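Participant: Using the working numbering, the letters of the sequence shown map in sequence onto residues 180 to 413.
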Amino acid sequence: MNETDKQNINKKNIDFFSKNSNYQNNVNQIDTYKILYNEITEIIRDTNLLLDVGHGGCFDYDTTKVNKIVGLDLDEMIEKNSIPKNVNLEVGSALEIPDKLINFDTVLFVMLIHHLVGKNVAENIENLNICIEQSKKALSKNGRLIIVESCVPKWFYNIEKVVFKPTSYLINKFMKHPPAFQFTKEIISDSLTKNGFKDVKIKKIKQGKFILQYGIKFPTILTPVETIIFSANI
Ligand SMILES: C[S@@+](CC[C@H](N)C(=O)[O-])C[C@H]1O[C@@H](n2cnc3c(N)ncnc32)[C@H](O)[C@@H]1O
Numbered sequence: 180m181n182e183t184d185k186q187n188i189n190k191k192n193i194d195f196f197s198k199n200s201n202y203q204n205n206v207n208q209i210d211t212y213k214i215l216y217n218e219i220t221e222i223i224r225d226t227n228l229l230l231d232v233g234h235g236g237c238f239d240y241d242t243t244k245v246n247k248i249v250g251l252d253l254d255e256m257i258e259k260n261s262i263p264k265n266v267n268l269e270v271g272s273a274l275e276i277p278d279k280l281i282n283f284d285t286v287l288f289v290m291l292i293h294h295l296v297g298k299n300v301a302e303n304i305e306n307l308n309i310c311i312e313q314s315k316k317a318l319s320k321n322g323r324l325i326i327v328e329s330c331v332p333k334w335f336y337n338i339e340k341v342v343f344k345p346t347s348y349l350i351n352k353f354m355k356h357p358p359a360f361q362f363t364k365e366i367i368s369d370s371l372t373k374n375g376f377k378d379v380k381i382k383k384i385k386q387g388k389f390i391l392q393y394g395i396k397f398p399t400i401l402t403p404v405e406t407i408i409f410s411a412n413i
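1. Can you find a heavy atom of ligand 2 that lies under 7 Å from the Cβ of GLY233?
2. Look at ILE407 and ILE390 and say whether their C-beta atoms are less than 8 Å apart.
3. From HIS234 to VAL289, what does the alpha carbon distance come to, in whole angstroms?
4. Would you grab the beta carbon distance between ASN246 and ASN267 for me? Rounded to a whole angstrom, and I think it's under 8 Å.
5. Can you list, in chain order, the stretches of the alpha helix (DSSP H) that have 4 or more residues and sit fully within the region 321-368?
6. Could you say if the region 294-313 and the region 331-338 meet the contact criterion of at least three C-beta pairs nearer than 8 Å?
7. Taking a contact to mean a Cβ-Cβ separation below 8 Å, would you say ILE325 touches ILE222 in this structure?
8. Checking the sheet assignment: what are the DSSP bridge partners for GLU275?
9. According to DSSP, is VAL289 helix, strand or coil?
10. Distance check for LYS259 and GLU269, CA to CA, integer angstroms please.
11. So, at 8 Å on beta carbons, what are the nonlocal neighbours of HIS294 in its own chain, with the 5 sequence-adjacent residues on each side left out?
12. Count Cβ pairs between the region 269-278 and the region 305-320 that sit closer than 8 Å; are there 3 or more?
13. When you compare each of PHE238, CYS330, PHE195 and GLU365 to TYR212 by their alpha carbons, which one comes out closest?
14. Hey, ASP454 and LYS352 are a contact pair by Cβ (cut 8 Å); roughly how many whole angstroms apart?
15. Considering only heavy atoms of ligand 1, does any lie closer than 7 Å to the CB of HIS356?
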């Protein structure tokens with residue numbers, strides 16, 4: 180992907196998610212994300228230093244259970260005066276985590292990976308590998324990566340692969356929401372292993388009645404998506 184295409188995708192993400200109180204309220208209110216809030220809180224409880232990549236101004240967990248949080252996104256995404264006291268914001272990309280962000284006990288990606296799209300499926304896969312690889316330089320010696328992601332079954336993935344190019348063109352042109360690409364849980368798990376992570380664990384989360392798809396509240400029963408939490412040690 181050339182620089183202009185990258186900047187366009189980043190701009191689409193910023194334009195949609197930055198200070199998007201509608202999206203933030205949906206995450207606070209929709210049942211699936213309330214379930215996730217509790218699940219993520221249990222996982223990150225008592226972490227000393229947490230890097231939340233692609234926070235979107237949402238922080239879908241109890242921020243008081245962590246000592247210090249750094250939120251990294253393409254933009255600050257939220258008014259600085261409305262963030263919890265233990266959160267600092269940094270601007271940058273998951274595909275090139277700033278070198279100064281090191282020694283984190285936990286790196287967290289919540290609903291980030293499906294946004295790291297390139298101009299074709301090969302570039303989407305490359306971006307998946309890059310963000311996992313980049314998390315390693317931010318982690319401390321015994322750190323762990325937690326990925327919360329919306330995944331799809333293999334049959335849907337095979338369709339998505341075929342339609343990605345035309346649909347992402349149309350989404351870019353006609354929708355405010357940026358294009359997205361969802362992986363199977365096996366592909367993400369394999370990428371963690373290939374990138375040297377150990378003890379890869381996968382947990383399927385019970386979804387509520389509603390879920391967000393392209394930023395729109397959708398009955399979960401009408402979508403094939405599964406919400407998965409991956410955890411892996413460096
Ligand atoms: C679906 S939102 C998730 C927000 C939040 N983590 C949550 O759970 O609701 C995806 C976020 O990923 C961010 N994002 C997209 N591409 C990114 C990149 N290359 N680097 C960092 N953040 C990115 C978007 O700006 C957006 O805030």
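Positions of the beta carbon are idealized from the N, C-alpha and C atoms, including for glycine.
Being a predicted model, the structure only gives us computed values, none of them experimental.
Facilitator: Reading from the atomic positions:
1. No copy of ligand 2 appears in this structure; the ligands present are ligand 1.
2. No, the pair does not count as a contact, with Cβ atoms beyond the cut-off.
3. Annotation: HIS234 to VAL289 spans about 7 Å, alpha carbon to alpha carbon.
4. No, ASN246 and ASN267 are not in contact; Cβ-Cβ is about 12 Å, not under 8 Å.
5. Those alpha helix (DSSP H) runs which fall completely within the region 321-368 and span 4+ residues are 333-353.
6. Of all C-beta pairs linking the region 294-313 to the region 331-338, fewer than three are shorter than 8 Å, placing the two stretches out of contact.
7. Yes, the Cβ-Cβ distance between ILE325 and ILE222 is below 8 Å.
8. In the DSSP output, where bridge partners are listed per residue, GLU275 has SER272.
9. In the structure shown, VAL289 sits in a strand (DSSP, three-state: E or B).
10. For the pair GLU269 and LYS259, the Cα-to-Cα distance works out to about 11 Å.
11. Excluding sequence positions up to five before and after HIS294, its CB lies within less than 8 Å of the CB of ASN192, GLY233, PRO357 and ALA359, all in the same chain and listed in chain order.
12. With the cut-off at 8 Å, the region 269-278 and the region 305-320 touch.
13. It is PHE238.
14. With the chain running from 180 to 413 in the structure shown, residue 454 is simply not present.
15. Outside the cutoff, so no.
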